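One line per chain: the protein sequences are S and H, in this order.
My numbering applies: residue 1 is where the first sequence begins, and numbers increase by one.
My numbering applies: residue 208 is where the second sequence begins, and numbers increase by one.
Number of protein chains: 2
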Amino acid sequence: MYTPTHFQETDAAAIEAMIEAYPLAALVAQAPDGLVANHLPLLREGDALVGHIALANDLHRILDDGAEVLAIFRGEDSYISPNWYPTKAETHKAVPTWNYQVVHVHGRIRFQHDRKTKLALVGRLTKRHEEAENGTAGWRMADAPKDYLEAMLDNIVAFRIEIVRVQAKSKLNQNRADADFNAVTEEMTGRGKAGLAARMQGIKKTR
Amino acid sequence: MYTPTHFQETDAAAIEAMIEAYPLAALVAQAPDGLVANHLPLLREGDALVGHIALANDLHRILDDGAEVLAIFRGEDSYISPNWYPTKAETHKAVPTWNYQVVHVHGRIRFQHDRKTKLALVGRLTKRHEEAENGTAGWRMADAPKDYLEAMLDNIVAFRIEIVRVQAKSKLNQNRADADFNAVTEEMTGRGKAGLAARMQGIKKTR
Chain S
1 MYTPTHFQET DAAAIEAMIE AYPLAALVAQ APDGLVANHL PLLREGDALV GHIALANDLH
61 RILDDGAEVL AIFRGEDSYI SPNWYPTKAE THKAVPTWNY QVVHVHGRIR FQHDRKTKLA
121 LVGRLTKRHE EAENGTAGWR MADAPKDYLE AMLDNIVAFR IEIVRVQAKS KLNQNRADAD
181 FNAVTEEMTG RGKAGLAARM QGIKKTR
Chain H
208 MYTPTHFQET DAAAIEAMIE AYPLAALVAQ APDGLVANHL PLLREGDALV GHIALANDLH
268 RILDDGAEVL AIFRGEDSYI SPNWYPTKAE THKAVPTWNY QVVHVHGRIR FQHDRKTKLA
328 LVGRLTKRHE EAENGTAGWR MADAPKDYLE AMLDNIVAFR IEIVRVQAKS KLNQNRADAD
388 FNAVTEEMTG RGKAGLAARM QGIKKTR
């Protein structure tokens, strides 16, 4: 990914927070018949990303063990108009741009078919998302009948992506004058892009 | 992309609307040293997608003319808890899932370096986004000094992706009972996912 120095995201906590806040990754691979992508909620666990696919998804059959994959995490984004920069009125030297924050995780994927690994994985995924969405009233796997759950587990394949390289980009106007930066942050709030406004407020300015 | 029949999106108007509503694509390619992705606003023009990258972005140097690329467009997404299905109380046969809508455009990319093509392209992109965001008060390229604009044009490379294949997936609970579908749509509205709620309201049920 092309990333000018002032948009490079090197803050490990910010990268971790992005994966946490926007867990649905685009998982990309080079398959024998072309590029393929699947959209899957992933969990970061130390030096790995974990998740699962449907057994009916050919990915686990067409990729070699240890195949290179790219997992893309992305937050909210927005077109940015030069009209939103107060400094534009002075020089008129501004062009449209786009704000967004992405994390690219490059790694090597290995699929896991044993029921114990699959059960533990969906348990961790469920706990993480139920706690976030429903707190203590969250759904638990034990709420479903045992034979139903076992049939569901038979229909998935777990995987673990060993992380080789992480590249992140925060393109959030942090290179603009304070007046422009603050005005765009307000525009994002006003235009219903609360997630993007929050990311802008958290970014370190690179001027 | 793995897509069960009931989640296949075949409605050309819905696919067009997704590209229009979520124009920032993840443009993926296989580069000599691995998978590479860049996030770029694209415009659909007939049987092509058009856009531009920075001249400093190596993509136009490392990809062959006509190289295979995948442009991924994605809207809002959400974890879906079994607790949000009213029918769950009857059978308890439900597991967590994720709702999202994606369009994958597979094509062949060709870069364009001539200033006339680049000027016309940024003109069309600007018009489209300024009209959408700022209406008749939109910024125009003529608002910027001519020599400044020319210098900006020198720093970009335009491209055209000839579309080979489009695959789209709308995973929006359209396979669930009405009670479940309606309840989740309300949850999405209540949880600030208006874009996803709107997509659900527009989907044809596949039951």
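Beta carbons are placed, not taken as given, at the ideal position from N, Cα and C, and that holds for glycine.
Fair warning: this is a prediction, and the values are worked out from it, not measured in the lab.
Legend entry - Cβ of Val-309 of chain H within 8 Å of any chain S Cβ: The beta-carbon of Val-309 of chain H is placed less than 8 Å from the nearest beta-carbon of chain S.
Legend entry - Whether His-39 of chain S touches Val-309 of chain H by CB criterion (8 Å): A contact, by the Cβ cut-off of 8 Å.
Legend entry - CB contact below 8 Å: Leu-42 of chain S versus chain H: It does not; no Cβ of chain H falls within 8 Å.
Inset, instruction - Report the three-state DSSP secondary structure of His-6 of chain S (helix, strand or coil). - result: Helix, per DSSP.
Inset, instruction - Report all residues from its chain with a CB closer than 7 Å to the CB of Ile-203 of chain S; omit the five preceding and five following residues, and keep chain order. - result: Closer than 7 Å at Cβ, skipping near neighbours: Ser-170, Leu-172, Gln-174.
Inset, instruction - Determine, using beta carbons only, whether Gln-215 of chain H comes closer than 8 Å to chain S. - result: No, Gln-215 of chain H does not count as interfacial toward chain S.
Inset, instruction - Could you tell me whether any Cβ in chain H is nearer than 8 Å to the Cβ of Thr-87 of chain S? - result: Answer no: the Cβ-Cβ gap between Thr-87 of chain S and chain H never drops below 8 Å.
Inset, instruction - Consult DSSP for Glu-252 of chain H and reduce its assignment to one of helix, strand or coil. - result: If DSSP states are grouped into helix, strand and coil, Glu-252 of chain H belongs with the strands.
Legend entry - Selected residue, minimal CA-CA separation from Leu-121 of chain S, among S:Met-200, S:Leu-196, S:Ile-53: Considering only alpha carbons, the answer is S:Ile-53.
Legend entry - Where His-129 of chain S falls, given that 16 or more other Cβ within 10 Å makes a residue buried: Classification of His-129 of chain S: buried, given that the 10 Å Cβ count is 16 or more.
Legend entry - Per-residue contacts from Ser-81 of chain S into chain H (C-beta, under 8 Å): Ordered by position in chain H, the residues that pass the 8 Å Cβ test against Ser-81 of chain S are His-336, Glu-337, Glu-340, Asn-341, Gly-345, Trp-346.
Inset, instruction - Compute the Euclidean distance between the alpha carbons of Gly-258 of chain H and Val-166 of chain S, then round it to the nearest angstrom. - result: Taking the straight line from one Cα to the other gives about 26 Å.
Legend entry - Beta carbon of Glu-283 of chain H nearer than 8 Å to that of Gly-397 of chain H: Their beta carbons are not under 8 Å apart, which means Glu-283 of chain H does not touch Gly-397 of chain H by this criterion.
Legend entry - Min CB distance Ile-109 of chain S to chain H below 8 Å: Not an interface residue.
Inset, instruction - Determine contact between the region 139-149 of chain S and the region 292-303 of chain H, defined as no fewer than three beta-carbon pairs at a distance below 8 Å. - result: Judged by Cβ distances under 8 Å, the region 139-149 of chain S makes contact with the region 292-303 of chain H, as three or more pairs qualify.
Legend entry - the region 386-393 of chain H contacting the region 317-324 of chain H, beta-carbon criterion three pairs below 8 Å: No contact exists between the region 386-393 of chain H and the region 317-324 of chain H.
Legend entry - Buried versus exposed call for Gly-314 of chain H [16 or more other C-beta atoms within 10 Å across all chains shown]: Burial call: buried.
Legend entry - Within-8 Å CB hit, Met-208 of chain H to chain S: Contact with chain S is found for Met-208 of chain H, since one of that chain's Cβ atoms lies less than 8 Å from the residue's Cβ.
Legend entry - Asn-341 of chain H in three-state terms, based on DSSP: The answer is helix: DSSP assigns Asn-341 of chain H an H, G or I state.
Legend entry - Segment limits, beta strand (DSSP E) that includes His-311 of chain H: For His-311 of chain H, the enclosing beta strand (DSSP E) has its first and last residue at 304-319.
Legend entry - Enclosing alpha helix (DSSP H) for Glu-223 of chain H [first to last residue]: For Glu-223 of chain H, the enclosing alpha helix (DSSP H) has its first and last residue at 219-228.
Legend entry - Within chain S, partners of Met-359 of chain H - CB distance below 7 Å: Result: Val-95.
Inset, instruction - Apply the 10 Å Cβ neighbour rule to Gln-201 of chain S and answer buried if 16 or more other Cβ atoms are within range, or exposed otherwise. - result: Gln-201 of chain S is exposed by the Cβ-count criterion.
Inset, instruction - Report yes or no: is there a C-beta of chain S within less than 8 Å of the C-beta of Ala-405 of chain H? - result: By this cut-off, Ala-405 of chain H is not an interface position.
Inset, instruction - Would you check if there are 3 or more beta carbon pairs closer than 8 Å linking the region 212-224 of chain H to the region 28-48 of chain S? - result: When C-beta atoms of the region 212-224 of chain H are compared with those of the region 28-48 of chain S, fewer than three pairs fall below 8 Å, so the two segments do not count as touching.
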